[in-house]
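K.L.:
According to UniProt numbering, the stretch in the sequence shown is residues 1 to 358, in order.
The beta-carbon is built from N, C-alpha and C at its ideal position, and this holds for glycine as well.
Sharing a structure, written as C-alpha cells. Questions coming.
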Amino acid sequence: MSGQAQATPENVWPPPRPAGERNYPMNCWWVAALADEVTQDLLGRWLCDTPVLLYRREDGTAIAIEDRCPHRSAPLSLGCRKGDNVECGYHGFTFSPDGSCVRVPSMKTPPPALRVRAFPVIESYPFIWVYLGDPARIDDVPAPHVLDWATDPAFAEVHGRIDIAANYLLLKENVLDLTHFGFVHAKSFQITDWVEAPRLTGEGDICGYHQAFSASPLPPPFAVPMGLPVGTPYDRSNYGSFVSPALQIAAVDLIEPGSKQITGRFRVSHATTPIDQTHMHYFWVGGRDFATSDQEMDEFKALTELGFAEDEVMIEAVQRVQSRDPRPTHLLEKSVKADGPGVQARRIVARWMERETS
1 MSGQAQATPE NVWPPPRPAG ERNYPMNCWW VAALADEVTQ DLLGRWLCDT PVLLYRREDG
61 TAIAIEDRCP HRSAPLSLGC RKGDNVECGY HGFTFSPDGS CVRVPSMKTP PPALRVRAFP
121 VIESYPFIWV YLGDPARIDD VPAPHVLDWA TDPAFAEVHG RIDIAANYLL LKENVLDLTH
181 FGFVHAKSFQ ITDWVEAPRL TGEGDICGYH QAFSASPLPP PFAVPMGLPV GTPYDRSNYG
241 SFVSPALQIA AVDLIEPGSK QITGRFRVSH ATTPIDQTHM HYFWVGGRDF ATSDQEMDEF
301 KALTELGFAE DEVMIEAVQR VQSRDPRPTH LLEKSVKADG PGVQARRIVA RWMERETS
C-alpha cells in the first residue's frame, strides 16, 4: 500500500453537496477505480458528485486530480499528457500532479491561484482508493481495508465494475442480506437455503453476519467446481462484514462433514462508490482457492456477472420507486429480523455523517 498525491485544504473543502443533501460521507476513502483501469491514459470519473481525473505518472504512480479546468470548466480528461502533467484540451492550460498550473500559453507565469484540487491516493490491489474529504481530518479516517487474500498465491481472483442507477446504500444492504438469493438469484447462483436470519457480528463501526450450515445440499456454484454432485451434503460457514461505507467483504468456507477441515474457500468484496445520490460505481472482486484454472475462473466470472446483473435490475427498480414516490422511504419500509445487518449498516453510516458535521 502506498500513499500518493497530497491535497491542500484551501482547494478541497467544503464538499460539492452539503451533508443534508447526501447520505454518503466525504471524509472516507472511496474506491475510484480498479487498478488495471488506470493507465497512463487519462480517465475521467465522477465520484461523490466530484469530477476526478485518474492517470499514472511515467513511473507508474497513480494520480487523482480534479477533472475540471479552473479556467472554463473543461474536463481535463479531454486533454492530453505532457510528461507527468496534463494539458487542457480547450485552451492549453497545463497542470502538474499536485494540481498547480505550470503553463498558460497566453502568460509568462501562471497565477498561483490557478490550480485544481489534488486528492490523496492509496493503491492496494485490486483497488485504487481516493480521499475526497477534509484534509485536516484525514488522519481521523480509517485507512482502506487490505484484501490480503487477493494477493495470496493460493487464490485465483476475478474482478469487474458495474455502473448502477441507484443510491449506493441500496447495494450495501443487498450484499449484507443473504435471504434474497433464493429469489433474485434463483436462475444464477441457485442457493435456496439462505432463508434464516443470520447471527449478527461485529462491534462499533463494523457490523456483520455469520451463518453456518450442517450437511446442507451443495448448490451448483460450489459443487460443480469442487467436482461433486449437486446436492452433496456439505458443511458451509458463511460470514461477512460492513467494513466502511465504501466496502463490504464476504466469505464462504466449505467444510467436509464431520472433519472440521476447510476444503474450499470463497471470497468476495463489494466496493460501492457514489456517483451522486441516485447512481453508483460498483467494484467487485471475487476469488477462491479451488478450481483456479483460467477456464474455470472464466466460468466463475461469467456466473458472478450474471448474478450481479440480476441485482442491478432489482436495485434500479427499487430506486425508481423511491425516486417517484414523494413519501419518505424511511416511513414506508418495514424491516424484519433478517434485515439486521443492513439496519446496523444504516446506523453506522449515520454516525459517519454525524462525525463529518461535528
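Under the rule that 16 or more other beta-carbon atoms within 10 Å means buried, what is GLU58, buried or exposed?
P.N.:
Walking along the sequence shown from the start, residue 58 turns up at place 58. Exposed, because fewer than 16 other Cβ atoms sit within 10 Å of the Cβ of GLU58.
K.L.:
Considering Cα atoms alone, identify which of HIS71, ILE122, PRO75 and GLU87 is closest to PRO111.
P.N.:
To locate residue 111, count along the sequence shown from 1; it is residue 111. Of the listed residues, the one whose Cα sits closest to PRO111 is HIS71.
K.L.:
Report the three-state DSSP secondary structure of VAL86 (helix, strand or coil).
P.N.:
To locate residue 86, count along the sequence shown from 1; it is residue 86. Looking at VAL86 - three-state DSSP - the assignment turns out to be strand.
K.L.:
Using DSSP's beta-bridge definition, name the partner residues of VAL195.
P.N.:
Walking along the sequence shown from the start, residue 195 turns up at place 195. Answer is none; VAL195 lacks a bridge partner.
K.L.:
Should the stretch 150-161 be called in touch with the stretch 53-69, which here means at least 3 C-beta pairs below 8 Å?
P.N.:
With the cut-off at 8 Å, the stretch 150-161 and the stretch 53-69 do not touch.
K.L.:
Residue ranges of each beta strand (DSSP E) run of no fewer than 3 residues wholly in the stretch 149-203, ordered along the chain?
P.N.:
If we require 3 residues or more, the beta strand (DSSP E) runs fully inside the stretch 149-203 come out as 156-164 and 199-201.
K.L.:
Taking its Cβ as the centre, do 16 or more other Cβ atoms sit within 10 Å of GLU203, making it buried, or is it exposed?
P.N.:
By 1-based counting over the sequence shown, the position of residue 203 is 203. The residue in question, GLU203, is exposed, as its Cβ has fewer than 16 Cβ neighbours within 10 Å.
K.L.:
Going by other Cβ atoms of all chains shown within 10 Å of its Cβ, with 16 needed for buried, is ARG351 buried or exposed?
P.N.:
Reading the sequence shown from its first residue, position 351 is the one you call residue 351. Per the 10 Å Cβ criterion, exposed.
K.L.:
On a CA-only basis, which of SER214, ARG117, LEU247 and VAL224 is nearest LEU147? Give me that one, please.
P.N.:
Here residue 147 corresponds to residue number 147 of the sequence shown, with the count starting at 1. Of the listed residues, the one whose Cα sits closest to LEU147 is LEU247.
K.L.:
Tell me the rounded alpha-carbon separation between ALA191 and ASP298.
P.N.:
As a first step, residue 191 must be located in the sequence shown, where it is residue number 191. As a first step, residue 298 must be located in the sequence shown, where it is residue number 298. For the record, residue 191 in the displayed sequence is Ile; it is not Ala. Cα-Cα distance, rounded: 20 Å.
K.L.:
With distance defined between alpha-carbon atoms, name the residue in PRO221, ALA136, MET26 and ILE164 nearest to HIS185.
P.N.:
On the sequence shown, position 185 is the one that residue 185 refers to. Checking every option, the nearest Cα to that of HIS185 belongs to PRO221.
K.L.:
When you compare the CB positions of ASN27 and VAL141, do they come within less than 8 Å of one another, or not?
P.N.:
Counting from 1 along the sequence shown, the entry for residue 27 is found at position 27. Counting from 1 along the sequence shown, the entry for residue 141 is found at position 141. Cβ distance < 8 Å, so ASN27 and VAL141 count as in contact.
K.L.:
From the DSSP secondary-structure annotation, give me the bridge partner or partners of residue 365.
P.N.:
Here the chain covers residues 1 to 358 and nothing more, so residue 365 does not appear.
K.L.:
Should PHE283 be labelled buried (16 or more other beta-carbon atoms within 10 Å of its own) or exposed?
P.N.:
As a working note, residue 283 is residue 283 in the sequence shown. Buried.
K.L.:
So what does MET280 bridge to, in DSSP terms?
P.N.:
Sequence index remark: in the sequence shown, residue 280 carries index 280 (1-based). DSSP, once it has assigned bridges, lists ILE164 and PRO274 as partnering MET280.
K.L.:
Run through DSSP, which three-state label would SER241 get?
P.N.:
Position 241 of the sequence shown holds residue 241. If DSSP states are grouped into helix, strand and coil, SER241 belongs with the strands.
K.L.:
What first and last residue would you give for the alpha helix (DSSP H) that runs through GLY231?
P.N.:
Counting from 1 along the sequence shown, the entry for residue 231 is found at position 231. First-last for GLY231: undefined, no H or E at that position.
K.L.:
Is DSSP giving LEU42 helix, strand or coil here?
P.N.:
As a first step, residue 42 is located in the sequence shown; it is residue number 42 there, counting from the start. Looking at LEU42 - three-state DSSP - the assignment turns out to be coil, as it is neither helix nor strand.
K.L.:
In whole angstroms, give me the CA-to-CA distance for VAL349 and PRO25.
P.N.:
What you label residue 349 is simply residue 349 of the sequence shown in a count that begins at 1. What you label residue 25 is simply residue 25 of the sequence shown in a count that begins at 1. If you take the alpha carbons of VAL349 and PRO25, they lie about 8 Å apart.
K.L.:
For PRO16 and chain D, any beta-carbon pair shorter than 8 Å?
P.N.:
Of the chains in the structure shown, none is chain D; there is only one protein chain.
K.L.:
By alpha-carbon positions, which one of VAL38, LEU303 and VAL313 ends up nearest to SER188?
P.N.:
Indexing the sequence shown from 1 puts residue 188 at position 188. The residue with the shortest Cα to Cα distance from SER188 is LEU303.
K.L.:
Using the rule of at least 16 other Cβ atoms within 10 Å of the residue's Cβ for burial, across every protein chain shown, is GLU173 buried or exposed?
P.N.:
Within the sequence shown, residue 173 is the residue found at index 173, counting from 1. Buried, by the Cβ-count rule.
K.L.:
With DSSP as the reference, identify every bridge partner of THR50, one or two as the case may be.
P.N.:
For the purposes of this step, residue 50 is taken as residue 50 along the sequence shown, with counting starting at 1. Answer by DSSP bridge pairing, in chain order: LEU47.
K.L.:
Is ALA166 near GLU310, with beta carbons less than 8 Å apart?
P.N.:
For the purposes of this step, residue 166 is taken as the residue at position 166 of the sequence shown. For the purposes of this step, residue 310 is taken as the residue at position 310 of the sequence shown. Not a contact, by the Cβ cut-off of 8 Å.
K.L.:
Please name the residue, chosen from ARG267, ALA143 and MET280, that lies closest to residue 364 on a Cα-to-Cα basis.
P.N.:
Residue 364 lies beyond the stretch modelled for the chain, which goes from 1 to 358, so this question has no answer here.
K.L.:
To the nearest angstrom, how far is the alpha carbon of ASP276 from that of PRO16?
P.N.:
Taking the first residue of the sequence shown as position 1, residue 276 is located at position 276. Taking the first residue of the sequence shown as position 1, residue 16 is located at position 16. So the alpha carbons of these two residues sit roughly 10 Å apart.
K.L.:
Buried or exposed for PHE127, please, with buried defined as at least 16 other CB atoms from any protein chain shown within 10 angstroms of its CB.
P.N.:
Within the sequence shown, numbered from 1, the residue matching residue 127 stands at position 127. When all chains shown are included, PHE127 counts as buried.
K.L.:
Using a threshold of 8 Å, state whether the C-beta atoms of residue 359 and HIS180 are closer than that.
P.N.:
There is simply no residue 359 to check, as the chain begins at 1 and stops at 358 in what is shown.
K.L.:
Look at the alpha carbon of GLY83 and the alpha carbon of HIS91, and state the distance between them as a whole number of angstroms.
P.N.:
Here residue 83 refers to the residue found at position 83 when the sequence shown is read from its first residue. Here residue 91 refers to the residue found at position 91 when the sequence shown is read from its first residue. Approximately 18 Å between the Cα atoms of the pair.
K.L.:
Given a cut-off of 8 Å, decide if HIS270 and VAL175 are closer than it, judged by their beta-carbon atoms.
P.N.:
Mapped onto the sequence shown, residue 175 falls at position 175. Mapped onto the sequence shown, residue 270 falls at position 270. Their beta carbons are under 8 Å apart, which means VAL175 touches HIS270 by this criterion.
K.L.:
For a test of the three-state rule: what should DSSP assign to ALA7, helix, strand or coil?
P.N.:
Translated into the one-based positions of the sequence shown, residue 7 becomes position 7. Confidence is the limiting factor: at ALA7 the pLDDT is only 39, short of 50, which leaves the residue's position unreliable, though a coordinate-based value still follows. In the structure shown, ALA7 sits in coil (DSSP, three-state: anything other than H, G, I, E or B).
K.L.:
When the distance is taken between beta carbons, is GLY287 closer than 8 Å to PHE242?
P.N.:
If you number the sequence shown from 1, residue 242 lands on position 242. If you number the sequence shown from 1, residue 287 lands on position 287. Not in contact: PHE242 and GLY287 (Cβ atoms no closer than 8 Å).
K.L.:
With a threshold of 16 other CB atoms inside 10 Å of the CB of ALA113, please say whether the residue is buried or exposed.
P.N.:
Here the question's residue 113 lines up with position 113 in the sequence shown. With fewer than 16 other Cβ atoms within 10 Å, it is exposed.
K.L.:
By the three-class DSSP mapping on this structure, what secondary structure does GLU299 have?
P.N.:
Numbered from 1 along the sequence shown, position 299 holds the residue referred to as residue 299. Helix, per DSSP.
K.L.:
Determine, using beta carbons only, whether ASN238 and LEU178 come nearer to each other than 8 Å.
P.N.:
Against the sequence shown, residue 238 aligns to sequence position 238. Against the sequence shown, residue 178 aligns to sequence position 178. Yes.
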